[in-house]
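To start, the structure under review is shown below, and the notes come after it.
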Amino acid sequence: MMIYEKVKDILQKELSLTEEEITLEKTFEELGIDSLDLVELVMEIEEAFDMNIEDAEGLHTVADLVRYIDEATKA
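All residue numbers for the sequence shown refer to our numbering, where the first residue is 126 and numbers rise by one.
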(Lines of atoms letter the chains of each structure in order from A and count residues from 1; the text may use other names and numbers.)
(Lines give C-alpha, C1' and ligand atoms only; values in the text may rest on other atoms or scores of the structure.)
Protein backbone atom coordinates (compact mmCIF):
# COMPACT_ATOMS: atom_id res chain seq x y z
CA MET A 1 0.00 0.00 0.00
CA MET A 2 2.23 2.73 -1.33
CA ILE A 3 -0.08 5.67 -0.52
CA TYR A 4 -0.43 4.60 3.12
CA GLU A 5 3.35 4.33 3.51
CA LYS A 6 3.86 7.80 2.05
CA VAL A 7 1.11 9.28 4.26
CA LYS A 8 2.69 7.63 7.32
CA ASP A 9 6.08 9.10 6.42
CA ILE A 10 4.57 12.58 6.12
CA LEU A 11 2.71 12.24 9.44
CA GLN A 12 5.86 11.03 11.17
CA LYS A 13 7.98 13.84 9.75
CA GLU A 14 5.50 16.69 10.18
CA LEU A 15 3.94 15.75 13.51
CA SER A 16 6.71 13.80 15.26
CA LEU A 17 4.53 10.70 15.50
CA THR A 18 5.94 7.20 15.69
CA GLU A 19 5.15 4.58 13.07
CA GLU A 20 3.30 2.55 15.72
CA GLU A 21 0.98 5.46 16.53
CA ILE A 22 -0.23 5.74 12.94
CA THR A 23 -2.85 3.21 11.87
CA LEU A 24 -5.60 3.43 9.27
CA GLU A 25 -8.27 3.44 11.98
CA LYS A 26 -6.84 6.39 13.91
CA THR A 27 -8.71 9.65 13.72
CA PHE A 28 -6.78 12.86 13.29
CA GLU A 29 -8.06 13.88 16.72
CA GLU A 30 -6.59 10.71 18.27
CA LEU A 31 -3.27 11.58 16.65
CA GLY A 32 -3.38 15.05 18.19
CA ILE A 33 -3.89 16.82 14.88
CA ASP A 34 -5.65 20.15 15.35
CA SER A 35 -7.07 22.37 12.60
CA LEU A 36 -3.77 24.17 12.03
CA ASP A 37 -1.90 20.86 11.80
CA LEU A 38 -4.53 19.62 9.35
CA VAL A 39 -4.00 22.62 7.06
CA GLU A 40 -0.25 21.99 7.08
CA LEU A 41 -0.79 18.28 6.53
CA VAL A 42 -3.10 18.92 3.58
CA MET A 43 -0.46 21.19 2.00
CA GLU A 44 2.22 18.51 2.45
CA ILE A 45 -0.05 15.81 1.02
CA GLU A 46 -1.00 17.98 -1.95
CA GLU A 47 2.66 18.60 -2.72
CA ALA A 48 3.73 14.99 -2.20
CA PHE A 49 0.97 13.57 -4.42
CA ASP A 50 0.74 16.52 -6.86
CA MET A 51 -2.97 17.00 -6.24
CA ASN A 52 -5.53 19.32 -4.64
CA ILE A 53 -7.66 18.30 -1.67
CA GLU A 54 -11.02 20.03 -1.98
CA ASP A 55 -12.85 18.67 1.07
CA ALA A 56 -10.40 18.34 3.97
CA GLU A 57 -13.27 18.78 6.47
CA GLY A 58 -14.69 15.46 5.27
CA LEU A 59 -11.52 13.61 6.20
CA HIS A 60 -11.47 12.28 9.76
CA THR A 61 -9.20 9.22 9.78
CA VAL A 62 -5.95 8.14 8.20
CA ALA A 63 -8.01 5.68 6.11
CA ASP A 64 -10.23 8.55 4.85
CA LEU A 65 -7.13 10.40 3.71
CA VAL A 66 -5.57 7.36 2.02
CA ARG A 67 -8.86 6.55 0.25
CA TYR A 68 -9.25 10.18 -0.89
CA ILE A 69 -5.72 10.23 -2.32
CA ASP A 70 -6.23 6.87 -4.01
CA GLU A 71 -9.44 8.00 -5.69
CA ALA A 72 -8.08 11.42 -6.65
CA THR A 73 -4.89 10.05 -8.19
CA LYS A 74 -6.81 7.46 -10.27
CA ALA A 75 -8.83 10.15 -12.01
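Backbone N, C-alpha and C fix where the C-beta goes; we use that ideal spot for every residue, glycine too.
In three-state DSSP terms, what is residue i?
i: residue 152; result: strand
i: residue 186; result: strand
i: residue 178; result: coil
i: residue 160; result: helix
i: residue 142; result: coil
i: residue 135; result: helix
Going by other Cβ atoms of all chains shown within 10 Å of its Cβ, with 16 needed for buried, is residue i buried or exposed?
i: residue 133; result: buried
i: residue 161; result: exposed
Just to confirm, are residue i and residue j a CB contact at a threshold of 8 Å?
i: residue 163; j: residue 188; result: no
i: residue 137; j: residue 147; result: yes
Counting only beta-carbon separations shorter than 8 Å, does residue i have a partner in chain C?
i: residue 165; result: The question asks about chain C, but that chain is absent: this structure has only one protein chain.
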